[in-house]
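>
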Amino acid sequence: MPINQISIFVENKTGRLAHITSILAKRNIDIRALCIADTTDFGVLRLIVSRPEEALKALKSEGLAASSTEVLAIGIPDVPGGFAQAIKVLSDAGIGVEYAYAFITPDKGHAYVIIRVEDNAAAEKVLTEGGVMLIDQAQIFG
Amino acid sequence: MGNYFNPDIETAPREYLRAIQSARLIRMVRNCYDNVAFYKQKFDDIGLQPGDIKSIDDIVKLPFTMKQDLRDNYPFGLFAVPKEKLVRIHASSGTTGKQTVVGYTQGDVERWSEGSARAIVAAGGTKSDFIHVSYGYGLFTGGLGLHYGAEMLGATVIPVSSGNTARQVQILKDFGSNILCCTPSYAMFIGETLREMGIDPNTLALRAGIFGAEPWSENMRREIEKSLAIKAYDIYGLSEIAGPGVSYECEEQTGLHVCEDFFYPEIIDPETLEPVPDGVYGELVFTCIGKEALPLVRYRTRDISAVTHEPCSCGRTLVKMMKPRGRTDDMLIIRGVNVFPSQVEHVILSLGMEPNYQIVVERVNNLDVMTVNIEMSDSMFSDSVRRIEETERKICNALQSTLGVSASVHLSEPHSLPRSEGKAVRVIDKRKL
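Chains as they are written, first to last, in this note's numbering: chain E, 78 to 219; chain D, -13 to 419.
#1: Buried or exposed: which applies to D/K69, given that a residue is buried once 16 or more other Cβ atoms fall within 10 Å of its Cβ?
#2: With DSSP run on the structure shown, which of helix, strand or coil describes D/L48?
#3: Here's the rule I'm using: 16 or more other beta-carbon atoms within 10 Å means buried, otherwise exposed. How should D/H401 be labelled?
#4: Tell me which same chain residues have a C-beta within less than 7 Å of the C-beta of D/H295, skipping the five on either side of it?
#5: What are the residues of the region 363 to 382 of chain D that lie near chain E, defined by any Cβ-Cβ distance shorter than 9 Å?
#6: What are the start and end residues of each continuous alpha helix (DSSP H) run of 4 or more residues lying completely inside the region 8 to 53 of chain D, in chain order?
#7: Is the beta carbon of D/Q344 closer than 8 Å to that of D/L397?
#8: Give a yes or no on whether the minimum CB-CB distance between D/S203 and chain E is below 8 Å.
#9: Taking 7 Å as the limit between beta carbons, can you name the residues of its chain near E/G120, skipping five residues before and five after?
#10: Taking beta-carbon pairs under 8 Å, can you tell me which members of the region 384 to 407 of chain D lie near chain E?
#11: Counting contacts by CB-CB distance shorter than 8 Å, is E/R109 in contact with chain D?
#12: Quick check: what's the CA-CA separation for D/G124 versus D/G223?
#13: Against E/V121, what residues of chain D qualify as contacts under a CB-to-CB distance less than 9 Å, listed in chain order?
#14: Is the CB of E/L141 under 8 Å away from at least one CB in chain D?
#15: With a Cβ-Cβ cutoff of 8 Å, do D/E348 and D/R302 count as a contact?
#16: Less than 6 Å between C-beta atoms, sequence neighbours within five positions excluded: which residues of the same chain meet that for D/P256?
#17: Tell me whether the beta-carbon of E/A188 lies closer than 8 Å to the beta-carbon of E/V194.
#18: Just to make sure I have the definition right: I need the residues of chain D whose C-beta is within less than 7 Å of the C-beta of E/F86. Which are they?
#19: Which residues in chain D have a C-beta closer than 7 Å to the C-beta of E/D118? List them in chain order.
#20: Quick one: is D/R372 buried, meaning 16 or more other Cβ sit within 10 Å of its Cβ, or exposed?
#21: What are the complete alpha helix (DSSP H) segments, minimum 4 residues, inside the region 193 to 245 of chain D?
#22: Using a Cβ-Cβ cut-off of 8 Å, state whether E/L146 counts as contacting chain D.
#23: I'd like to confirm the pairing. Which residues does DSSP put opposite D/Y90 in its beta bridges?
#24: Please state whether the Cβ-Cβ distance between D/F(-9) and D/V107 is less than 8 Å.
#25: Which residue from E/P129, E/P183, E/L167 and E/R109 puts its Cα closest to that of E/A198?
#26: Return the chain-ordered list of same chain residues with a C-beta closer than 6 Å to the C-beta of D/H76, the five sequence neighbours on each side being excluded.
#27: Secondary structure at E/F211, three-state DSSP: helix, strand or coil?
#28: DSSP three-state call for D/L337: helix, strand or coil?
#29: Determine, for E/Q82, whether the minimum Cβ-Cβ distance to residues of chain D falls below 8 Å.
#30: Name the residue from E/H96, E/Y176 and E/A150 whose alpha carbon lies nearest to the alpha carbon of E/I212.
#31: Just the Cα atoms here: how many angstroms apart are D/S368 and E/V156?
#32: List the residues of chain D that E/E175 touches, going by C-beta distances under 9 Å, in chain order.
#33: Quick check: the region 47 to 67 of chain D against the region 281 to 293 of chain D, are there 3 or more CB pairs under 8 Å?
#34: Of all the CB atoms in chain D, is at least one closer than 8 Å to the CB of E/A199?
#35: Would you verify that the beta carbon of E/A114 is, or is not, closer than 8 Å to some beta carbon of chain D?
#36: For E/N89 and chain C, any beta-carbon pair shorter than 8 Å?
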């Protein structure tokens, strides 16, 4: 049950993030998680939002380069070593992680982590067998 | 009064020069008509017989030649001699990746070398000097042009070629180079390297520099002169006509004396194509009256200049052309390499990308730096930074291999590059020349 992440190309210029997020705010789209990967030249803003399809359409209609990517969300116990344990399941299976980012949740005692891998189905299988909790879109937005 | 390489020509009475020009033009037109199908057709089209050309004054009856004609006849279609007469080929980059190819007979190389030798002497060079050539050697005419000129003079050539600046400095110092030949921007860079290495330019044997192949300003001349403790001379040339040495500065430095016994200059109004009077700026046109292999007739250089026949204090009677002020087309000269915006467009299209781009040229630490801004599109975008960077690298490599000069790529957001009505502003040249 992968979830949809929206990625947006951002030039390194003042005001760009404000512009992009206001497009979503205007439409009452909720941002639950975000991550910015940056180089000296540009950045890629990655978002988990309440209505990804609508968000993507809105961003594109504003002339931005944006895309939708399926990523996995996992819930891990909010204790030392929680993330290490989950990620070990993937590395033991030889699955590389392109990027990952964590965010807070209303679910006390758990942290949620977004994971981007090459093959979602394979990773999902390994994680489930390894006892790692997978989260779906509905759970993220409670 | 100074020294001349060939005083008989360089200080000849004007009537004598005109007689030489007339004789050479008549011979050249006959050669073109008999040996170049392209010119026979062009002359026939306007009903011109070689016999109609009786003196240099008749040059205005001849049709023009454009760079496009060289491209259309790529590679050797405009050559007037069989292969056994050729001794050399050079080439420069063209607009769509196709090079402009030029050829020389033994006599052509000698006449070109003489132009370059005249330039070296006009810059104060003598037989006993060490001439340090830091122009690139190869298909580019810069390196070999000055090389052969220095040899014809009987001076000693140090054929260093371009690059490896620390070694350039070491040779300047240890070998005692007297005259440096390179692009003005590279001269600036060498000057800077001297300073970084803590070398006082006054301790070098270097006296003069002969710089060309790219536009440069009087400010830049003063900076080069200061940083290298030399007198800096301008030299002009283009491969279609010969190479460096078509014209050159003397000590007066109020224009470049044209080797008009080999390369006959005219200035025309680029709109009406009519010749303009002395002192009026227009498009510089050359007729290769001293060339056998590639005798171009009224070749439109696209350079904007003016000429003057006023007597020069150096004693030379050869006409002077002013330092070119700009161009009538969109060609850029980046570190001595000709770059057309259409080449950049060609690269972008060949990679399957949208041709929304802008070229920015700056001079950073005295070196030309070209950045190509390209708009990000859905097909190039990825959530992975690594993939985007791979795309960027792919564009950089393609630009380098097509243009022959490196460019950095900057990805911009879609629709962020300015669109103007009609013709898009493709080039922003921030260099202060």
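We put the CB at the ideal spot given by N, CA and C, even for glycine.
On the basis of the data shown:
#1: Taking the first residue of the second sequence as 1, we reach residue 69 of chain D at position 83. Exposed is the call here.
#2: Position 62 of the second sequence holds residue 48 of chain D. Reduced to three states, the DSSP call for D/L48 is coil.
#3: One-based indexing of the second sequence puts residue 401 of chain D at position 415. Its Cβ having fewer than 16 others within 10 Å, D/H401 is exposed.
#4: Numbered from its first residue, the second sequence carries residue 295 of chain D at position 309. If we look at D/H295 and ignore the five residues flanking it on each side, its Cβ neighbours are D264 and V305.
#5: S363, D364, M366, F367, S368, D369, S370, V371, R372, I374, E375 and E378
#6: 23 to 31
#7: The sequence position of residue 397 of chain D within the second sequence is 411, counting from 1. The sequence position of residue 344 of chain D within the second sequence is 358, counting from 1. The answer is no: Cβ separation not under 8 Å.
#8: Residue numbering aside, residue 203 of chain D sits at position 217 when the second sequence is read from its first letter. For D/S203, no Cβ of chain E is located within less than 8 Å of the residue's own Cβ.
#9: Here residue 120 of chain E refers to the residue found at position 43 of the first sequence. Within the same chain, E/G120 has close Cβ partners V87, N89, I113 and A114.
#10: Within the region 384 to 407 of chain D, the qualifying residues are H396, L397, S398, E399, P400, H401 and S402.
#11: To locate residue 109 of chain E, count along the first sequence from 1; it is residue 32. No - not a single Cβ of chain D is within 8 Å of the one on E/R109.
#12: Within the second sequence, residue 124 of chain D is the residue found at index 138, counting from 1. Within the second sequence, residue 223 of chain D is the residue found at index 237, counting from 1. For D/G124 and D/G223, the distance between alpha carbons rounds to 16 Å.
#13: Residue mapping note: residue 121 of chain E aligns to position 44 of the first sequence, counting from 1. Residues of chain D passing the Cβ test: F367, S368, D369, S370, V371 and I374.
#14: Position 64 of the first sequence, counted from the first residue, corresponds to residue 141 of chain E. Answer yes: the Cβ-Cβ gap between E/L141 and chain D drops below 8 Å somewhere.
#15: Residue mapping note: residue 348 of chain D aligns to position 362 of the second sequence, counting from 1. Residue mapping note: residue 302 of chain D aligns to position 316 of the second sequence, counting from 1. Not closer than 8 Å, so no.
#16: By one-based count along the second sequence, residue 256 of chain D stands at place 270. Excluding positions up to five away in sequence, the list reads E269 and T314.
#17: Looking up residue 188 of chain E in the first sequence gives position 111. Looking up residue 194 of chain E in the first sequence gives position 117. Result no, Cβ atoms of E/A188 and E/V194 do not sit closer than 8 Å.
#18: What you label residue 86 of chain E is simply residue 9 of the first sequence in a count that begins at 1. What E/F86 touches in chain D: M362, F367 and E399.
#19: As a first step, residue 118 of chain E must be located in the first sequence, where it is residue number 41. Ordered by position in chain D, the residues that pass the 7 Å Cβ test against E/D118 are H396 and L397.
#20: Residue numbering aside, residue 372 of chain D sits at position 386 when the second sequence is read from its first letter. Here D/R372 is exposed. Its C-beta has fewer than 16 other C-beta atoms within 10 Å.
#21: If we require 4 residues or more, the alpha helix (DSSP H) runs fully inside the region 193 to 245 of chain D come out as 204 to 214.
#22: Taking the first residue of the first sequence as position 1, residue 146 of chain E is located at position 69. Here residue 146 of chain E turns out to be Thr, not Leu, going by the sequence shown. Chain D contact via Cβ: present.
#23: Against the second sequence, residue 90 of chain D aligns to sequence position 104. The partner list for D/Y90 (beta bridge, DSSP) reads D/R74.
#24: Numbered from its first residue, the second sequence carries residue -9 of chain D at position 5. Numbered from its first residue, the second sequence carries residue 107 of chain D at position 121. A contact, by the Cβ cut-off of 8 Å.
#25: Here residue 198 of chain E corresponds to residue number 121 of the first sequence, with the count starting at 1. In this structure, E/L167 is the residue among E/P129, E/P183, E/L167 and E/R109 with its C-alpha nearest to the C-alpha of E/A198.
#26: Position 90 of the second sequence, counting from 1, holds the residue named residue 76 of chain D. The residues are V88, L125, T127 and S225.
#27: Here residue 211 of chain E refers to the residue found at position 134 of the first sequence. It is Leu, not Phe, that sits at residue 211 of chain E in the sequence shown. DSSP, reduced to helix, strand and coil, places E/L211 within a strand of the structure shown.
#28: Counting from one through the second sequence, the residue named residue 337 of chain D turns up at place 351. DSSP places D/L337 in coil when its eight states are reduced to three.
#29: Position 5 of the first sequence holds residue 82 of chain E. At least one chain D Cβ lies under 8 Å of E/Q82.
#30: Residue 212 of chain E sits at position 135 when you count from the first residue of the first sequence. For the set E/H96, E/Y176 and E/A150, the Cα lying nearest the Cα of E/I212 is the one of E/A150.
#31: Here residue 368 of chain D refers to the residue found at position 382 of the second sequence. Here residue 156 of chain E refers to the residue found at position 79 of the first sequence. Inter-residue distance for D/S368 and E/V156 is about 34 Å (C-alpha atoms, whole angstroms).
#32: The residue you call residue 175 of chain E lines up with position 98 of the first sequence. Within chain D, the residues near E/E175 are D369, S370 and R372.
#33: The region 47 to 67 of chain D, when compared against the region 281 to 293 of chain D, does touch it at the 8 Å Cβ threshold.
#34: As a working note, residue 199 of chain E is residue 122 in the first sequence. No, because no Cβ of chain D sits closer than 8 Å to the Cβ of E/A199.
#35: Reading the first sequence from its first residue, position 37 is the one you call residue 114 of chain E. Closer than 8 Å to some Cβ of chain D, the Cβ of E/A114 qualifies, so yes.
#36: Protein chains in the displayed structure are E and D, and chain C is not among them.
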